[in-house]
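Data first, discussion second: the structure below is written as structure tokens.
There are 2 protein chains.
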Amino acid sequence: MDQRVSFITLAVRDLDASRRFYLDGLGRTAAVDVPGEVVMISVGERVVLSLWDEQAFEAEVGPVARGSGVPPVTLAHNVATEEAVEDVLATARAAGASAVGVPTRREWGGYTGYFADPDGFRWEVAYNPDPIGRSVLP
Amino acid sequence: MDQRVSFITLAVRDLDASRRFYLDGLGRTAAVDVPGEVVMISVGERVVLSLWDEQAFEAEVGPVARGSGVPPVTLAHNVATEEAVEDVLATARAAGASAVGVPTRREWGGYTGYFADPDGFRWEVAYNPDPIGRSVLP
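Note that the protein sequences, when read in sequence, are chains A and B. For the first sequence, our numbering begins at 231 and goes up steadily by one. For the second sequence, our numbering begins at 231 and goes up steadily by one.
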């Protein structure tokens, strides 16, 4: 079993709201778009982000844990400079992201800030000067 | 803002249990391993899976939503044949995965089954003959 992630699937409550945010707001392009079911977005070499209608997700995977709080997962979009962190957060804010945080210098040497998609999934916009951070830059 | 996911970060309750499952059980290799803090595993071209201690995650991102049910996210590992789905699920079972499902022929034409990691994060092992599925194969 080689160590690959091929799809990242998020359960979304309102697929139309997700489509508006990711496609119209953030300007991403769908690779697959089936209204009422799923929107798939290529997010890397052989990696696809799938926004899947929550009812369909629950029917196949099981009931989702509810309750107040954030989902136990974040997705990071890494960039090459601290200035780019601020630019991307500004883009997210203009796209209607909620919970747009102030970028923060982290104790490990990075500079990152978060924003939330319509379901509260947190995206981290990150400048990470470590080797592992540099390894993910285009 | 180009459409990339650089890191997928999962909040894990017991990092030692996660390390045993992913590294010793599934045989994956850590790119970064800081006991008590984080284990990072390369899972694609410029994509890293980060297993982050839940307390540290919550201190930075916020309290995680609890409650019974599955996390609202799945990660898929796609393979080229239906037989490979069964092989990978058997490997996961041998590694101590819980909730190892029976692979199922899906109405959209695929053949997939799930297993759970120590925190209940679901991995889908998938044969997907559609163009989007073939696009993620190595």
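By construction, the Cβ of each residue, glycine as well, lies at the ideal position given by its N, Cα and C atoms. Every value quoted in this text rests on a predicted model; they were computed, and no experiment measured them.
When you compare the CB positions of residue i and residue j, do they come within less than 9 angstroms of one another, or not?
| i | j | result |
| --- | --- | --- |
| valine 262(B) | serine 236(B) | no |
| arginine 234(B) | arginine 296(B) | no |
| glycine 331(A) | valine 300(A) | no |
| isoleucine 238(A) | serine 298(A) | no |
Only counting the same chain, and skipping five residues up and downstream in sequence, which positions put a Cβ closer than 8 angstroms to that of residue i?
| i | result |
| --- | --- |
| arginine 364(B) | Asn358 |
| valine 318(A) | His307, Val309 and Val355 |
| phenylalanine 251(B) | Ala325, Gly326, Ala327, Asp347 and Pro348 |
| glycine 321(B) | It is worth fixing the name first, because residue 321(B) is threonine in this sequence and not glycine. Leu256. |
| glutamate 337(A) | none |
Which whole-angstrom value is the C-beta distance of residue i and residue j, which I expect to be below 8 angstroms?
| i | j | result |
| --- | --- | --- |
| serine 248(A) | proline 348(A) | 6 angstroms |
| glutamate 267(B) | alanine 286(B) | 6 angstroms |
| leucine 240(A) | proline 293(B) | About 19 angstroms; that fails the 8 angstroms criterion. |
| alanine 260(A) | valine 269(A) | 5 angstroms |
Quick one: residues in its chain with C-beta nearer than 6 angstroms to the C-beta of residue i, no 5 flanking neighbours on either side, listed in chain order?
| i | result |
| --- | --- |
| alanine 306(B) | Glu354 and Ala356 |
| arginine 258(A) | Tyr252 and Ile271 |
| glutamate 312(A) | Tyr341 and Tyr357 |
| valine 366(B) | Asn308 |
Decide if residue i is buried, meaning its Cβ has at least 16 other Cβ atoms within 10 Å, or exposed.
| i | result |
| --- | --- |
| proline 361(A) | exposed |
| proline 265(A) | exposed |
| glycine 340(A) | buried |
| leucine 245(B) | buried |
| aspartate 283(A) | buried |
| arginine 323(B) | exposed |
| threonine 342(B) | buried |
Between the Cα of residue i and those of the options, spot the shortest distance and give me the residue it belongs to.
| i | options | result |
| --- | --- | --- |
| alanine 329(B) | Gly255(B), Arg352(B), Val315(B) and Thr321(B) | Arg352(B) |
| threonine 304(B) | Asp232(B), Tyr344(B), Arg335(B) and Ala260(B) | Tyr344(B) |
| arginine 191(A) | Ala322(A), Val315(A), Thr321(A) and Val269(A) | Here chain A comprises residues numbered 231 to 368, so residue 191(A) is not present and cannot be evaluated. |
| methionine 231(A) | Glu337(B), Asp254(B), Val291(B) and Val242(B) | Asp254(B) |
Enumerate in chain order the residues of its own chain whose CB-to-CB distance from residue i is below 7 angstroms, with the five nearest sequence positions on each side excluded.
| i | result |
| --- | --- |
| proline 368(B) | none |
| arginine 435(A) | Given that chain A is displayed from residue 231 to residue 368, the structure contains no residue 435(A) and the question cannot be resolved. |
| valine 291(B) | none |
Is any heavy atom in the ligand PLP found nearer than 8 angstroms to the beta carbon of residue i?
| i | result |
| --- | --- |
| glutamate 354(A) | In terms of ligand content, the structure shown is empty, and the ligand PLP therefore cannot be addressed. |
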